[in-house]
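Note that this note's numbering has the sequence shown beginning at 47, numbered continuously upward.
Every residue, glycine too, gets a C-beta built ideally from N, C-alpha and C.
The structure displayed is predicted, hence computed values, not measured ones.
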Amino acid sequence: MNVQSVEQIWQMAYPDFVAFIDQDNSPPGGEPTISWWIERAGISADSHVLDLACNTGFSSRTISRRTGCTGAGLDLSAMSIAAARAASIAPIFDGRLDYRIGDAASLPWSAGEFSHVVAGCCFGFISDRERALTETARVLRPGGKLCVSALAYIDTPPASLLDDLQQCLGYRPAPARTVSFWREFFALHFDVAESWVEPLPINSEDELRDAAVAHMLRHQHRFDGLSVEQREATLVRLFRDRLVFNENRRYQTCCRWVLNVRSN
Ligand SMILES: C[S@@+](CC[C@H](N)C(=O)[O-])C[C@H]1O[C@@H](n2cnc3c(N)ncnc32)[C@H](O)[C@@H]1O
């Protein structure tokens, strides 16, 4: 992206900012969540996996690298999909991954195309999430599995934290999205096969600052064309986002599910 001003860095939508800084988005629970999905949902070289609202495609790349499966990913953010495509041309993927810009509420695939859909922290972001869930069920084969990792509230965060989250994410997370809220939502089309709920790790402010600086140093080449002020704004926004998300984790838990699509 051709960044012209400091304001542009602050105004970028959150998914675009993730792609802009070359951050590997990973589902709640990180790589252990992906290992759990592979094992519990039986993802193998014969699987065909859709990474729903994939952002830069970290989950599908990791799954395909580890199992040899084919896959596709879809996201509304053009910048995220550009980053996912760039990362998937590595020879190790041998053309097995196909990333598209699109809306999860209207999937550009025929019924029954996928053996698995992975959905890391995405239904909270999707505005028409019920239609997206119906679409997810439609593109799964009979016997297909939905692998979810979601953040659920266990306590009500203060309004000031919700304001900060709205600034970071572009939407205001609803404290009503508890574990049972998500269970009832998925029950519209799916039955639970496996579940796992775990607390989220909390970091100190120093750890978050160090991690943000380390990220900027590791990805220096990305920021070569930026002015000192633009680089500083990028670091400040990255650190601000991590502080706010870290604070939010005190009120949340991480839920993983493998769900069986219900045949109607
Ligand atoms: C927090 S990210 C999750 C990314 C990834 N699934 C993961 O586990 O890290 C949420 C993503 O949802 C995407 N998104 C939001 N609404 C969408 C929609 N209607 N259709 C497709 N993607 C959408 C955003 O662009 C963003 O990349």
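Discussion item. What does the Cβ neighbour count give for N71, buried or exposed, with the cut at 16 atoms within 10 Å?
Written reply: buried
Item to complete: Would you mind reading off the limits of the beta strand (DSSP E) that contains R229?
Response: It is not in any beta strand (DSSP E) - R229 instead sits in the alpha helix (DSSP H) that spans 225-232.
Discussion item. Quick check: is any heavy atom of ligand 1 less than 8 angstroms from the C-beta of F104?
Written reply: yes
Worksheet item: Beta carbon of N71: closer than 8 angstroms to some heavy atom of ligand 1?
Response: yes
Fill in: Cβ shell of Q212 (< 7 angstroms), same chain only, five flanking positions each side left out
R218
Discussion item. Less than 7 angstroms between C-beta atoms, sequence neighbours within five positions excluded: which residues of the same chain meet that for G314?
Written reply: Beyond the ends of the chain as shown, which are 47 and 310, falls residue 314; an answer cannot be given.
Item to complete: Inspect the beta-carbon positions of G166 and P188 and report whether they are closer than 9 angstroms.
Response: no
Discussion item. Rounding to the nearest angstrom, what Cα-Cα distance links I200 and L122 in this structure?
Written reply: 29 angstroms
Worksheet entry | Three-state secondary structure (DSSP) of E253 | helix
Worksheet item: If you drop the 5 nearest sequence neighbours on each side, which residues of the same chain put their C-beta closer than 7 angstroms to that of R184?
Response: A157
Item to complete: Count the other CB atoms, across all protein chains shown, that sit within 10 Å of the CB of E181; report buried if there are 16 or more and exposed otherwise.
Response: buried
Item to complete: Compare the Cα-Cα distances from R146 to each of G75, A132, W56 and report the closest residue.
Response: A132
Practice prompt. Only counting runs of 4 or more residues, tell me where the alpha helix (DSSP H) segments fall wholly within the segment 99-162, in order along the chain.
Written response: 104-113, 124-134
Worksheet item: Is any heavy atom of ligand 1 found at a distance shorter than 8 angstroms from the C-beta of V64?
Response: yes
Discussion item. According to DSSP, is Y199 part of a helix, a strand, or is it coil?
Written reply: strand
Practice prompt. Identify every residue that forms a DSSP beta bridge with A165.
Written response: V194
Worksheet entry | Identity of the residues DSSP links to T299 by a beta bridge | A198, P245
Practice prompt. Could you say which of G148, W242, S152, Y297 lies nearest to L305 if we only look at CA atoms?
Written response: W242
Discussion item. Please tell me whether, using a cut-off of 8 angstroms, the distance from the CB of S226 to the nearest non-hydrogen atom of ligand 1 is below it.
Written reply: no
Discussion item. Starting from A205, trace the alpha helix (DSSP H) in both directions and tell me its first and last residue.
Written reply: 205-215
Worksheet item: Where do the ends of the alpha helix (DSSP H) carrying V52 lie?
Response: 52-57
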